[in-house]
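**Student:**
4 protein chains.
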Amino acid sequence: MKSLRLHHYGEHPTIDEVAEPTITGPWDVIVDVGAAGLCRTDLHIIEGQWDPIQHPSLPYILGHENAGWVREVGSAVNNVKPGDTVIMHPLTSCGLCPACRIGQDSHCENATFPGLNTNGGMAQQLLTNARAVVRLEDGVQPRDVAALADAGLTAYHAVRKAADVLFPGTHAVVVGAGGLGHIGVQALAAITSATITVVDRSEEALGLAKSIGAHHTVLSTSDEDVEKRVLDITSGGAQVVFDFVGERGAELLAPRLLRNRGSHYVIGYGGAVNLPTIEIISREINVIGNLVGTYNDLVELMTLTAQGRVKLHTTVYPLDAANDAIADLEAGRLIGRGILVP
Amino acid sequence: MKSLRLHHYGEHPTIDEVAEPTITGPWDVIVDVGAAGLCRTDLHIIEGQWDPIQHPSLPYILGHENAGWVREVGSAVNNVKPGDTVIMHPLTSCGLCPACRIGQDSHCENATFPGLNTNGGMAQQLLTNARAVVRLEDGVQPRDVAALADAGLTAYHAVRKAADVLFPGTHAVVVGAGGLGHIGVQALAAITSATITVVDRSEEALGLAKSIGAHHTVLSTSDEDVEKRVLDITSGGAQVVFDFVGERGAELLAPRLLRNRGSHYVIGYGGAVNLPTIEIISREINVIGNLVGTYNDLVELMTLTAQGRVKLHTTVYPLDAANDAIADLEAGRLIGRGILVP
Amino acid sequence: MKSLRLHHYGEHPTIDEVAEPTITGPWDVIVDVGAAGLCRTDLHIIEGQWDPIQHPSLPYILGHENAGWVREVGSAVNNVKPGDTVIMHPLTSCGLCPACRIGQDSHCENATFPGLNTNGGMAQQLLTNARAVVRLEDGVQPRDVAALADAGLTAYHAVRKAADVLFPGTHAVVVGAGGLGHIGVQALAAITSATITVVDRSEEALGLAKSIGAHHTVLSTSDEDVEKRVLDITSGGAQVVFDFVGERGAELLAPRLLRNRGSHYVIGYGGAVNLPTIEIISREINVIGNLVGTYNDLVELMTLTAQGRVKLHTTVYPLDAANDAIADLEAGRLIGRGILVP
Amino acid sequence: MKSLRLHHYGEHPTIDEVAEPTITGPWDVIVDVGAAGLCRTDLHIIEGQWDPIQHPSLPYILGHENAGWVREVGSAVNNVKPGDTVIMHPLTSCGLCPACRIGQDSHCENATFPGLNTNGGMAQQLLTNARAVVRLEDGVQPRDVAALADAGLTAYHAVRKAADVLFPGTHAVVVGAGGLGHIGVQALAAITSATITVVDRSEEALGLAKSIGAHHTVLSTSDEDVEKRVLDITSGGAQVVFDFVGERGAELLAPRLLRNRGSHYVIGYGGAVNLPTIEIISREINVIGNLVGTYNDLVELMTLTAQGRVKLHTTVYPLDAANDAIADLEAGRLIGRGILVP
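Written out as structure tokens, the structure reads:
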């Protein structure tokens, strides 16, 4: 089958013909890939940034945001059958470890992470398992949802964790309204009643944010200006700041946008949080890590999508043109999320 | 009346004769001070470290951990009466602002903080208010509980916030078993069922910790050694690390002692948390600020004290010898908490 | 001043001229009443149903849903000033008892409940206190919000308590879309992402429900039919059933509409819940009581109102025509909530 | 192999020789039974009370509280291996349904319940699955823990759900200190800091309760007397009443022992809760159902057992003497929990 494989860090992945996956375990599921999302994490993978965390054996197939149709299932699989439309949770969790027993799929001790530490979905077929597949209604197009499998899930997970404190009169600030951030804004509008303020460097991104649920937008010029405007809009700071950037200073600005007892939700990465302990305690503020999302988060996100409350803007490329898509993403020419269709 | 006042930052406070406080508002309460705790925060106050946060007008009376007997009450006070034994929540909260309406007394918008921004309890009398006083059973000695009003309350507050996740099989690590930490250990033993591991540089402190509820102790030598031993005891890291030090490297070590999804509770201060965002997200860990405690926390702590489940080790000085006590505290000669009795 | 007073249970209240209230305590607030809501509880009061619970001294002024403008304040009041537009939480809580310290205003041990156990707001002036007043933006009309003070607050409180479990894909069922229920539907739509199904005997009420956020409506014919339809819509039962009726069989039907681990929120009253313990345990279902709401609930509800997300349908009567309004309410002729304007 | 099978409701089960179970699915686990607990539910099963809920095919092997040693595992099992000492969660859950995905094993849509709807553990071998087995430390004796698998788990589950509100100064009341109740008392003492009051008709049971953690005991004479004494001890009612009886009037008495906002945890069954809705709302009280427990609850309970904080009193019978044990249980002659050893 056709696939996009990474052979060496720092080099372009290539379109390779490889053997189709086969069922070997009772919970295995093979999916005919309908679409695979391309995201900034793929660029980081190609650069080698994830090697020390996930250490895959090269070459391997990229693609960690996958949707398609079930092709074949192992002997113990009873939740999907061939022909079902499915989206894949990024991890193939085990269902037996302590994390799985409380629904914390992203922390499964025995999972594989296709596209990060084993073959992913930028190919004609993907090997996954019964615990990763979320069945979708017939008629849903994989290309319309694939990018929600990881990027969307990550944004939703953070919003979902914070939702308990985002009631009428509270303030949520979204820093960075790009691929993840604009899902975050839609999720906030759908499942919370907080007032939503979006900070971004792009007027276009802010315009989109306004149209999908943001109540206020702040063009990011200087940190001082952003801080002043956000504190003004929020009457002294937000209950929650969702930092979808996590680098280039956003991670240092975020705590300044909080009110007492507020929380800085870290989602983007690359920089470092640096906070004097006296500030942490005197304001009683928190820094909250967020990693992908749970299987249930993905089910909920698919429900919102089916209800039309979360929508993705995408640009579709054939799998053969993967390196064009990667070049467009690197150059900032890619509008919305890039989707590869095999 | 006799009082201990700070006149200039960086200089010793002095015993001054000052006018007694008077009732001017309907919720005012005047207390005959029975005991005032002396704590490391008093040293920081004298150094001027709290000036930019609390900006008191000098000279003023120190003492933010106070207990005694009600002397006189304002016209609207109906929860205590003259003669009642009381301990004081450190803040005189208003009962009307948003923080007060949800029981977050430490974040009251209109509070005074006696001993930090107005006259405190190192004197014969203290002016406080109806919302600050916790009535104690007759017979309780102010000198036995005064130091719980702030130091103990702060330790209890952090443990209480974390208690929801500290069930059988989980691990709580206490870094620093000094004045606050040894209350924290007792609180953990009383209200959680976690396995408690205590890290300290003093063998004596570890011995005390063992006798009041710690299941494991780790003598702090090198960070590498502490990390190795704690990860071994906790089978991969703690659910919660209570950092009662917050400086001198403890604030950097604490996150290394966490398992995935764990939380670093910052209680001590002086240093700075510095965490790469990729570590925060890939491990989904949190940093949680903790500030004093709520009025209800203090009520609960007094219940534990009455039940004999939390005990303080104290050294009592007459108020006239306050500067001896301060010198002993600075020199590390003060065993347990210092208590001033007017 | 003019007032509507109840002299004897079972008899019409009368328009009486009485003395104006006066400030006697430091937290007292006197309000020029702008509007007082009339509700079914007033009918129950007149019948004497609340006498054994609230035991007021007759005669007294009715009216427990009040809004207006501050006229005069006691010496310690600093959160409102004469001229401010305000809505009143139904209870004048103390701010000192255990319930108040955690924001559970409805369970204050020292509160009065104007209109139920002391003089209420169906008069030109109302005596309340600083902890009961919620300041509104200038320009808000008391007649547009008064009925939210109790009926709206009660509906919002129940929804707010349940909101933590009402995420995408969950089902909330509202039984009874009358005065309280139609606020409940709007609150559900505003602060949760559950699918909302409304059950009522009136096609008109269901039509209104559809227009304000209900996704499904079920005309109440037989219990069997309602159960069948609701279980079908909800794929096996709701996570939460909000029972705004609580009598005439609704309280017995509600548990049949739940899925395993679901909760029956009791808001209306008059009947009795009767559930075999084997059913409670084998389905692990819950029955949850709901009483009025907290001060913070009222603040949040006013925020939703200011945002246009919760609206009341009202019919306004002059205070002099109070008995006409009562007669209309009894006869089912009153459309929306009845409002008395002095 | 030897087994105890029920052939007809209302008749004694008989010792039958049956075929050994075999591995057919990848997650199957066969256990050499070390001990099977006998409990009042077995009596209800024999009477036919569970037939309409679980509808097993007769004859089948009884025994729903099982522990032993792994004998053989299916191809996909990686969490236990032959020889491991294990206790079994009562349900063989699927790991794929919505309930399993959030750790609510007792509500699995695809589970079997050995001993209730399929062959149980009163035999030499038991067929279970990988998701049901909790591995124990070597050396733990199955006979010492088997009865915790269901009875103990049920008691622990209820206490664990309530633990979030049982902090210092709160009151937990345990009604019925028998087989489940005395585990409940130990669990309350181990994981909460509430004051524990136990109500029972037996002075002996109360004596045991005192020795394992109860702070107060009340001999159950008349309901009026119990109510009076409990309200006195609890200063107006408990935050939580654990009703381990659920019949013979206990289910009607329990709500009378609650304070405002308190919760009646129903664990025992047989009777019916009957509460006027006006009482539910005016006191804002709750009725909470409790069903068995989660896998994680069982892991936590095993941790407490290993720590010596929860202990069972048992009487051991050989499997051949099962009908003697049943007769002793029916006649009230069985001290502690009955354990059958094959």
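Chains as they are written, first to last, in my numbering: chain H, 1 to 342; chain X, 1 to 342; chain F, 1 to 342; chain C, 1 to 342.
For each residue, glycine too, the CB sits at the ideal point set by N, CA and C.
(1) Given Thr314 (chain H), which residues of its chain have a CB within under 6 Å of its CB, disregarding the five upstream and five downstream residues?
(2) Please report the Cβ distance between Leu291 (chain H) and Ser93 (chain H), rounded to the nearest whole angstrom; I am assuming they are in contact, meaning their Cβ atoms lie under 8 Å.
(3) Enumerate, from N- to C-terminal direction, the unbroken beta strand (DSSP E) stretches of 3 or more residues contained entirely within the segment 277 to 324 of chain H.
(4) At what residue ranges does the segment 85 to 146 of chain X contain a whole run of the alpha helix (DSSP H), taking only runs of 4 or more?
(5) Would His216 (chain X) and Ile191 (chain X) be called neighbours here (beta carbons separated by less than 8 Å)?
(6) Who are the near neighbours of Val226 (chain C) in its chain, counting only those whose CB is closer than 8 Å to its CB and skipping five residues on each side?
(7) Going straight from the alpha carbon of Gly181 (chain X) to that of Ile87 (chain X), what length do you get?
(8) Just to confirm before moving on: does the CB-CB distance between Val31 (chain C) and Asn79 (chain C) stay below 8 Å?
(9) Out of F:Gly25, F:Leu6, F:Gly213, point me to the one whose CA is closest to Ala76 (chain X)'s CA.
(10) What residues of chain C sit near Ser57 (chain F), judged by a beta carbon separation below 9 Å?
(11) Can you give me, in chain order, the residues of the segment 264 to 275 of chain F that have a beta carbon less than 8 Å from any beta carbon in chain C?
(12) Would you verify that the beta carbon of Asn296 (chain C) is, or is not, closer than 8 Å to some beta carbon of chain H?
(13) My understanding is that Ala146 (chain C) touches Glu65 (chain C), with C-beta atoms under 8 Å, so please give their C-beta distance in whole angstroms.
(14) Anything in chain H within Cβ reach of Ile102 (chain C), meaning under 7 Å, just list it in chain order.
(15) Against chain H, with Cβ distances strictly below 8 Å, would Ala172 (chain F) count as a contact?
(16) Count the CB pairs spanning the segment 242 to 251 of chain C and the segment 263 to 270 of chain C that are closer than 8 Å, and state whether there are at least three.
(17) Between the Cα of Gly68 (chain H) and the Cα atoms of H:Cys97, H:Pro90, H:Ala35, H:Leu62, which residue gives the shortest distance?
(18) Less than 8 Å between the beta carbons of Val245 (chain X) and Ala172 (chain X), yes or no?
(19) Thinking just about the alpha-carbon of each residue, which of X:Gly74, X:Glu11, X:Thr294 is nearest to the one in Lys161 (chain X)?
(20) Going by CA-CA distance only, name the one from C:Leu126, C:Arg131, C:Leu58, C:Ala99 that's closest to Met1 (chain C).
(21) Going by the CB atoms, is the gap between Leu6 (chain F) and Leu43 (chain F) shorter than 8 Å?
(22) Just the Cα atoms here: how many angstroms apart are Pro56 (chain F) and Thr154 (chain F)?
(23) Do you know how far the Cα of Leu231 (chain F) is from the Cα of Val174 (chain F)?
(24) Should Pro318 (chain H) go down as buried or exposed, given a rule of 16 or more other Cβ atoms within 10 Å for buried?
(25) Only counting the same chain, and skipping five residues up and downstream in sequence, which positions put a Cβ closer than 6 Å to that of Ala321 (chain F)?
(26) Does Asn79 (chain C) have its Cβ less than 8 Å from a Cβ in chain H?
(27) With 8 Å set as the bound, which would you pick, yes or no: does the beta-carbon of Arg283 (chain X) sit closer than that to a beta-carbon of chain H?
(28) Among the residues of its own chain, which have a CB less than 8 Å from the CB of Leu91 (chain C), if the five just before and after it don't count?
(29) Among all the DSSP beta bridges, which residues are the ones paired with Ser193 (chain F)?
(30) Helix, strand or coil for Glu203 (chain X), going by three-state DSSP, please let me know.
(31) Count the other CB atoms within 10 Å of the CB of Ile278 (chain X); is the residue buried (16 or more) or exposed (fewer)?
(32) Rounded to whole angstroms, what is the Cα-Cα separation between Val140 (chain C) and Ile183 (chain C)?
(33) Where do the ends of the beta strand (DSSP E) carrying Val341 (chain H) lie?
(34) DSSP on Gly34 (chain H), reduced to helix/strand/coil?
(35) Output, in chain order, the set of chain C residues within a Cβ distance shorter than 8 Å of Leu304 (chain X).
(36) Do the CB positions of Lys95 (chain X) and Gly103 (chain F) come within less than 8 Å of each other?
**Tutor:** Reading off the structure:
(1) Gly336, Arg337, Ile339
(2) No, Leu291 (chain H) and Ser93 (chain H) are not in contact; Cβ-Cβ is about 13 Å, not under 8 Å.
(3) For the segment 277 to 324 of chain H, whole beta strand (DSSP E) runs of length 3 or above, ordered along the chain, are 286 to 289, 314 to 318.
(4) Inside the segment 85 to 146 of chain X, DSSP marks whole alpha helix (DSSP H) runs of 4 or more residues at positions 98 to 101, 142 to 145, from first to last along the chain.
(5) No, the Cβ-Cβ distance between His216 (chain X) and Ile191 (chain X) is not below 8 Å.
(6) Hits under 8 Å: Val199, Val218, Ser220, Leu253, Leu257.
(7) 21 Å
(8) no
(9) F:Gly25
(10) What Ser57 (chain F) touches in chain C: nothing, since even the nearest Cβ is about 20 Å away.
(11) Val266, Ile267, Gly268, Tyr269, Gly270, Gly271, Ala272, Val273, Asn274, Leu275
(12) yes
(13) 5 Å
(14) Gly103, Asn296
(15) no
(16) By the Cβ criterion, the segment 242 to 251 of chain C is in contact with the segment 263 to 270 of chain C, since at least three pairs of Cβ atoms, one from each stretch, lie closer than 8 Å.
(17) H:Ala35
(18) no
(19) X:Thr294
(20) C:Leu126
(21) no
(22) 22 Å
(23) 14 Å
(24) exposed
(25) none
(26) yes
(27) yes
(28) Asp105, Ser106, Cys108, Ala111, Thr112, Phe113, Ala132, Val292
(29) Paired residue(s): none; Ser193 (chain F) is not in a bridge.
(30) helix
(31) buried
(32) 19 Å
(33) 337 to 341
(34) strand
(35) Within chain C, the residues near Leu304 (chain X) are Pro168, Ser193.
(36) Per the sequence shown, residue 95 (chain X) should be read as Gly rather than Lys. Here Gly95 (chain X) is not near Gly103 (chain F), since their CB atoms are 8 Å or more apart.
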